[in-house]
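If you're matching positions, the sequence shown starts at 30 in my numbering and goes up one per residue.
Ideal placement from N, C-alpha and C gives every residue a C-beta, glycine not left out.
Keep in mind the model is a prediction, meaning the values are calculated, not measured.
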Amino acid sequence: MQINLKHCISSILLTGLLTTTACSSATPASTGDSSVTSTPSPRMQATKIKGGPLEVGALWPEGSDNFKAVQRVGDNLTKQFPGTQLTYTFSNTKARPQLELRWKSGDPLDVDNIFNGANTSSYHWVEEGQLKNLTDTLKTTKRSDYDGKTWEDSIMPLFRSFAQLKGQYYAVPDQAIVLGLYYNKKMFDQYGLKPPATWDDLIQVSAALKAKGVDPIAVTGTNNGYMGMWWDYLLEREVGTQAVMDVAWGNKKAADNPGFLRAAKKLEQLVGDGDFLKGFEGTDFTAAQTEFFRGKAGMILMGSWLVGEMKQSIPADFQIGIVPFPTVPGGQGDQKGVFGTVFQWSAADKSKNPELAVEYLRTLTSKEEQTTRAKDLGFISPYEGVPTPASIPGLDSMLKDAANASLTYYYYGIIFDKQRADAWYLPVTHLYFKSVKAEQMVQEIDTNLTRLRGQ
30 MQINLKHCIS SILLTGLLTT TACSSATPAS TGDSSVTSTP SPRMQATKIK
80 GGPLEVGALW PEGSDNFKAV QRVGDNLTKQ FPGTQLTYTF SNTKARPQLE
130 LRWKSGDPLD VDNIFNGANT SSYHWVEEGQ LKNLTDTLKT TKRSDYDGKT
180 WEDSIMPLFR SFAQLKGQYY AVPDQAIVLG LYYNKKMFDQ YGLKPPATWD
230 DLIQVSAALK AKGVDPIAVT GTNNGYMGMW WDYLLEREVG TQAVMDVAWG
280 NKKAADNPGF LRAAKKLEQL VGDGDFLKGF EGTDFTAAQT EFFRGKAGMI
330 LMGSWLVGEM KQSIPADFQI GIVPFPTVPG GQGDQKGVFG TVFQWSAADK
380 SKNPELAVEY LRTLTSKEEQ TTRAKDLGFI SPYEGVPTPA SIPGLDSMLK
430 DAANASLTYY YYGIIFDKQR ADAWYLPVTH LYFKSVKAEQ MVQEIDTNLT
480 RLRGQ
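What follows is the structure, encoded as structure tokens:
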């Protein structure tokens with residue numbers, strides 16, 4: 030069975046982003062949901078929207094700068110619509126199983142990050158009628174903060190498909206994410222190093238950092254997905270996304286494609302050379318990020334949420350840079366491909382106050398709020414005319430260098446169910462922990478997937 034990536038992974042061009050970064054694409058048909066009404070002008074909204082209880086998902090822990098940004102949106106609604114009472118419920122990975130039980134039992138959050146058009150495992154929420162169809166709202170709402178464009182047109186074309194299923198909108202984008210190789214710019218300048226552009230560059234830079242007593246790469250050993258980012262990006266360069274899906278979802282074997290073993294051997298080289306953070310095996314992801322900002326490691330492969338998430342832990346004099354994942358000369362995959370996605374929010378179709386839920390989404394995506402988040406938290410906005418965050422030097426260059434590259438949904442494991450993710454990443458963890466060699470890791474992945482197909 031071969032999975033067509035157009036249905037499994039959204040492969041879209043970064044070119045659209047580059048033409049609007051100063052600061053992608055099906056055309057949705059009109060919705061058949063008669064319950065969806067367009068959001069009128071702000072003056073009319075004030076008479077239609079009523080205050081009341083509203084429960085909103087929060088991806089970040091209470092007290093963090095990112096959480097305060099979520100609160101700020103709610104505070105604006107509270108001031109504008111008397112009687113509004115916001116409840117913020119933690120909705121990140123560990124909380125998802127319990128929240129999804131609530132959705133299934135008819136007690137959903139009013140606003141939640143539960144759908145992504147590039148992730149087929151989220152489609153059932155639409156098919157079950159759980160999410161409000163926002164198509165008419167996005168196509169008819171005029172936004173003065175975006176020069177009178179409709180809500181839909183204020184979204185960069187590059188990111189619209191992430192909010193759609195079959196041409197209908199069931200979410201609104203909030204934050205674009207790209208995964209890149211961050212480096213300690215001040216440290217690199219001090220030692221006369223250039224950020225790695227190729228795999229050989231990475232090996233040489235790692236050796237130079239070790240000679241200075243610095244661990245080259247920060248990584249956590251307590252999260253399979255974060256360790257798997259290196260494996261997945263190597264596969265992107267060595268074999269490409271379709272070859273990965275043919276193994277992960279189809280009937281092909283990794284051992285039959287030499288590129289898988291080449292990628293595994295490169296990862297094995299980093300482990301064997303001692304290029305990862307000392308003690309990473311017992312270091313969680315927050316601590317690993319902290320070690321990077323403390324100067325204990327020179328580089329970290331991470332999503333563009335890094336700066337905002339760690340803002341309170343970043344020394345005032347820390348200088349950060351970002352470059353694309355190194356190319357692998359001779360690799361048969363995509364040498365410019367970028368892993369990324371969009372964080373976005375949906376409104377529950379069974380919300381007790383659907384108009385207020387939609388107004389929360391509109392306020393969240395206002396140009397003022399998006400600009401503030403880019404400036405203060407390092408968010409990459411998917412909206413037209415919002416500047417790229419200045420707190421991530423090199424991001425513009427990274428995106429320009431990646432022109433015409435595919436933006437592949439996050440990293441491969443995110444689209445897997447838990448069983449498939451375990452089959453894929455546990456062997457990678459074993460390689461990191463030196464309990465298997467590269468050849469054994471590839472064989473273990475094949476064995477796990479074969480067993481999974483037989484269930």
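Between L481 and P355, the C-beta spacing is not below 7 Å.
In the structure shown, the three-state DSSP call for G350 is strand.
According to the DSSP assignment, P456 belongs to the alpha helix (DSSP H) that extends over 447 to 461.
In summary, L130 is exposed, with fewer than 16 beta-carbon neighbours lying within 10 Å of its beta-carbon over all protein chains present. Shown here for T400: same chain residues with a beta carbon closer than 6 Å to its own, the five before and five after excluded, namely V415 in chain order.
The segment 329 to 345 and the segment 107 to 125 do not touch, with fewer than 3 CB-CB distances between them shorter than 8 Å. Counting of Cβ neighbours within 10 angstroms places K161 among the buried residues, the total reaching 16 or more. If you draw a straight line from the Cα of I143 to the Cα of S151, it comes to about 7 Å. Per the coordinates, the alpha-carbon of Q233 lies some 11 Å from the alpha-carbon of A240. In the structure shown, the three-state DSSP call for N95 is helix.
For the pair of segments examined, the segment 197 to 208 was found to touch the segment 384 to 401: the number of CB pairs separated by less than 8 Å reaches three. The segment 214 to 221 makes no contact with the segment 274 to 284, as fewer than three CB pairs between them are under 8 Å. The DSSP-derived three-state label of L88 is coil.
Around I409, the same chain offers A205, S333 as residues with beta carbons nearer than 6 Å, after the five sequence neighbours per side are excluded. In this structure the segment 308 to 320 does not lie against the segment 377 to 389, because fewer than three pairs of beta carbons, one per stretch, are closer than 8 Å. Counting only unbroken stretches of 4 or more residues, the alpha helix (DSSP H) elements lying wholly within the segment 328 to 414 are 335 to 338, 383 to 393, 396 to 406, in sequence order. With 16 or more other Cβ atoms from the protein chains shown falling within 10 Å of its own Cβ, G269 counts as buried. Burial is judged here by how many other beta carbons sit within 10 angstroms of a residue's own beta carbon; Q373 has at least 16 and is buried.
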